[in-house]
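The next block holds one structure in the form of structure tokens; read it before the comments.
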Amino acid sequence: MSQKRRIMNEEIKQEDKFIDLVLGCYSFIKDNAKIITIVTAVVIVAVVGYMVYDQNQKTTYAKASAHYSEAITTYKDAEKDFLDTSEPTNETENEDETEKTTFLEAEEKLKAFIQKYPNTIFADKAQYQYAKCLYYQEKYPEARNEFQVVVDNHKSENELIALYAQKAIGNCYEQEGDYTKAISAYEANSFPTTSNLPPQIRQYVLTGAKFNQALCYEKLNQIEDAKVAYQDVIDEFEKTIQTGLDQKSHDLLNHAKEVITIIEDDLDLTEATQLETQDLSFDALIAYTDTIRNYKVSKDIQDGLPKEIRKRIKIYEDLATSFIKNVQLAIEADKMGSRSSALNSYNRITNLTDLGLNRNFYERALLNYDRLNLSAQVVSNE
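Letter by letter, the sequence shown follows residues 2 to 383 of my numbering.
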């Protein structure tokens with residue numbers, strides 16, 4: 002009986018607390034009805050306002066996307082016609098006039114888009130292409146100004162466009178024959194910062210600018226400055242390749258050590274570790290690979306290898322052997338003066354573009370540097 006009474010007392014207490022809570026809430030609502038009404042109204046207005054804003058943004062985006070698509074289609078058609086190198090026919094006797102008219106149409110559409118949708122994600126691209134329309138029409142001062150707008154006002158996600166816009170400013174000065182200003186525009190410190198862009202991509206653009214800078218020095222007959230610029234392109238390319246090879250060697254060294262950890266027998270790694278401490282990564286890799294291969298051959302002669310260990314060794318051997326072979330082929334091709342073959346081997350090891358390298362600029366820089374040296378020798382011998 003006493004237990005039932007205790008349970009009832011507890012239930013009564015819980016009911017009393019619930020009643021007090023409800024009455025308290027009711028009293029609070031009654032005393033603050035006006036404030037609650039205002040707050041509720043504000044929240045409703047805010048929610049509705051956000052929904053309207055969000056809908057407007059979506060509508061604006063859809064319209065901007067459609068208008069940009071139309072403008073860019075006109076621009077691409079004009080650019081395609083302009084860059085077409087096919088033989089002219091009777092139907093294209095007025096081709097030049099048609100091109101300029103087409104670019105003018107693209108210019109007008111892009112300008113209208115920029116004015117109507119200045120804050121959309123398409124604005125920077127439209128601005129850049131608008132400037133290119135002016136460039137193709139040989140309106141170089143106007144094009145420079147519009148490229149500068151991209152450099153100065155681009156959004157963080159369009160840093161690559163800004164880099165090419167700065168390079169285009171140099172191109173404009175070149176077309177105008179102002180090579181001194183072009184050289185200044187091509188300087189690395191003239192390019193905008195790119196904190197959101199991989200450094201390899203930035204380097205890819207800047208290498209092209211450095212090469213153009215060398216050409217401008219040549220046109221100003223500043224031969225020594227041109228040679229320095231060409232040498233910068235060459236050195237940067239070769240340094241980056243070496244860095245890429247070192248990183249690849251380092252990665253494979255780590256792979257070799259992982260394989261060694263699953264081998265129960267002791268291996269003689271004296272030569273390999275000694276070369277590694279001397280920072281001779283590639284030579285150390287060869288030593289590690291030879292040691293692992295010799296161990297595998299030895300075990301095959303004896304009692305064989307466990308299946309899993311054999312599988313891990315094969316995976317490593319395939320990667321390491323391919324890398325070592327291509328590096329050795331590249332070195333041999335370099336010694337024989339076959340730069341193209343050497344570059345093919347390096348490209349098989351690590352994609353040159355992924356490293357921010359432009360093979361075309363490198364090979365042309367080598368040719369131009371050698372040409373300038375040869376010309377200087379001929380002059381000195383006369």
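For glycine and all other residues, C-beta sits at the position ideal for the given N, C-alpha and C.
DSSP, reduced to helix, strand and coil, places Lys308 within a helical segment of the structure shown. Listed in chain order, the non-local C-beta contacts of Lys110 below 7 Å within the same chain comprise Glu71, Ala72 and Thr75, local neighbours out to five positions each way being set aside.
For Tyr76, the secondary structure class from DSSP, reduced to helix, strand or coil, is helix. Annotation: Thr194 is outside any alpha helix (DSSP H) and is labelled neither H nor E by DSSP. Beyond the five residues adjoining it in sequence on each side, Ala210 comes within less than 7 Å, by CB distance, of Lys168, Gly171 and Tyr187 in the same chain, given in chain order. With respect to the 9 Å criterion, Phe123 and Leu164 are not classified as neighbours on the basis of their beta carbons. Going by beta carbons, Ala144 and Leu135 fall inside the 9 Å limit. For the pair Tyr180 and Lys220, the CB atoms are nearer than the 9 Å cut-off. In the structure shown, Lys240 adopts helical secondary structure according to DSSP, grouped into three states. At a cut-off of 3 residues, not a single continuous stretch assigned as beta strand (DSSP E) sits fully inside the segment 206 to 278.
Looking only at Asp266, Asn222 and Asn361, the smallest Cα-Cα distance to Ile310 is reached by Asp266.
Closest in alpha carbon position to Lys133, among Pro119, Val150 and Tyr118, is Val150.
Of the other Cβ atoms in all chains shown, 16 or more fall within 10 Å of the Cβ of Ala227; this residue is therefore buried. For Gly357, no alpha helix (DSSP H) segment is defined, and its DSSP state is neither H nor E. Pairing Leu105 with Gln138 gives a Cβ-Cβ distance under 9 Å. Assignment of Lys112 by DSSP, reduced to helix, strand and coil, places it in the helix class.
In this model, Val152 and Thr194 are separated by some 10 Å (Cα to Cα).
For Glu239 and Ser341, the gap between their C-alpha atoms comes out near 14 Å.
The criterion of a C-beta distance shorter than 9 Å is not satisfied by Arg365 and Leu344.
Shortest Cα-Cα distance from Val328 to any of Asn120, Lys249, Glu158 and Cys217 involves Lys249. Going by DSSP, Gly178 is part of no alpha helix (DSSP H) at all; its letter is neither H nor E.
Assignment of His155 by DSSP, reduced to helix, strand and coil, places it in the coil class.
Secondary structure of Tyr296 (DSSP, three-state): helix.
In the structure shown, Pro119 adopts coil according to DSSP, grouped into three states. Residues of the same chain with a CB within less than 7 Å of the CB of Leu373, apart from the 5 flanking positions on each side, are Ile224, Ala227 and Lys228 in chain order. Taking the Cβ atoms as the reference, Leu276 lies roughly 18 Å from Tyr296, outside the contact range of under 8 Å. Annotation for Lys126: the continuous alpha helix (DSSP H) segment containing it runs Ala124 to Tyr137.
Taking one beta carbon from each stretch, the segment 250 to 258 and the segment 229 to 236 have fewer than 3 pairs nearer than 8 Å; the two do not touch. DSSP places Lys140 in the coil class of the three-state scheme, outside both helix and strand. In the three-state reduction of the DSSP assignment, Gln167 falls in the helix class, which pools H, G and I. Cβ contact annotation for Tyr118 (same chain, cutoff 6 Å, sequence separation greater than five): Ala65, in chain order. Under the criterion of beta carbons closer than 8 Å, Ile314 and Ile287 do not qualify as touching, at roughly 16 Å. When DSSP states are grouped into helix, strand and coil, Ser346 belongs to the helix group.
In this structure, the beta-carbon distance from Ser196 to Ser157 falls below 9 Å.
In terms of Cβ geometry, Ala321 and Tyr347 do not form a close pair [threshold 9 Å].
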